[in-house]
Amino acid sequence: KAGVTQTPRYLIKTRGQQVTLSCSPISGHRSVSWYQQTPGQGLQFLFEYFSETQRNKGNFPGRFSGRQFSNSRSEMNVSTLELGDSALYLCASSEDRPANEKLFFGSGTQLSVL
Amino acid sequence: GDSVTQMEGPVTLSEEAFLTINCTYTATGYPSLFWYVQYPGEGLQLLLKATKADDKGSNKGFEATYRKETTSFHLEKGSVQVSDSAVYFCALSDRGYQKVTFGTGTKLQVIP
Chain R
1 KAGVTQTPRY
11 LIKTRGQQVT
21 LSCSPISGHR
31 SVSWYQQTPG
41 QGLQFLFEYF
51 SETQRNKGNF
61 PGRFSGRQFS
71 NSRSEMNVST
81 LELGDSALYL
91 CASSEDRPAN
101 EKLFFGSGTQ
111 LSVL
Chain H
1 GDSVTQMEGP
11 VTLSEEAFLT
21 INCTYTATGY
31 PSLFWYVQYP
41 GEGLQLLLKA
51 TKADDKGSNK
61 GFEATYRKET
71 TSFHLEKGSV
81 QVSDSAVYFC
91 ALSDRGYQKV
101 TFGTGTKLQV
111 IP
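Structure (structure tokens):
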């Protein structure tokens, strides 16, 4: 089975721009969770999608949004980028309930905001 | 809310040294506990887990015991190798709220 795939691997944007990140989960996994990883904060939970519905959400501003498609692939979007949005964005997939199961992580998208 | 506290890194050890990475947690419910490992340039991988008090999770020579009385889940390995160099994350899962909370990570460097 192929693992979790995230694209692109690296992104460089400027303040005020918007960005879209993509995540393809393991085949058969219907839950996709997104995390922001920074050196000082560790992993911060953004949101979780299951069967095209947002099922859980972390404490991030509305500039951060996501969606999930019928094939379970997910995208997250960040609008009006700020310098503090520079981070590694990780997605993780699981079959159903992420808190009940093992999470499978992608290698992440490294976003740099200049 | 739930939280996980890990010891600050980096931790630098010589090969074959004993490893302990401390992890304590705060949770309103009865969580499951995990250790994940992140090798350079990769995503996180599950290393081990424990789902109830006094459970011991183990994998690849690493061990951690779920201590409810001290709310701790310390990671240990008897003899580290250079290939163990990575960032280690302690995490807890709240099945009620379906939320997984991670610590800030501890970087381990093992020198030959």
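Residue numbers (our numbering), protein chains in the order written: chain R, 1 to 114; chain H, 1 to 112. Just so you know, even glycine gets a beta-carbon here, dropped at the ideal spot from N, CA and C. A quick note: this is a predicted structure, and the numbers were derived from the prediction, not measured.
- Looking at the DSSP output, H/A91 sits in a beta bridge with H/F34, H/F102.
- For R/G40, there is no enclosing beta strand (DSSP E), as DSSP marks it with neither H nor E.
- Closest option to R/E52, judged by alpha-carbon separation, among R/R67, R/A99, R/H29, R/R63: R/R67.
- Under DSSP, R/L46 takes part in no beta bridge, so it has no partner.
- Look at the stretch 32-54 of chain H: the residues with a C-beta under 9 Å from a C-beta of chain R are S32, F34, Y36, Q38, G41, E42, G43, L44, Q45, L46, K49.
- Burial state of H/I111 is exposed, judged by a 10 Å Cβ sphere holding fewer than 16 other Cβ atoms.
- DSSP, reduced to helix, strand and coil, places R/G84 within a helical segment of the structure shown.
- In this structure H/L47 touches H/Y36 by the C-beta definition: roughly 6 Å separates them, less than 8 Å.
- Excluding the 5 residues flanking it on each side, R/L114 has same chain C-beta neighbours closer than 6 Å at T14, in chain order.
- In chain order, N77, V78, S79, T80, L81 place their CB closer than 8 Å to the CB of R/Q18, counting only its own chain and leaving out the 5 sequence neighbours on each side.
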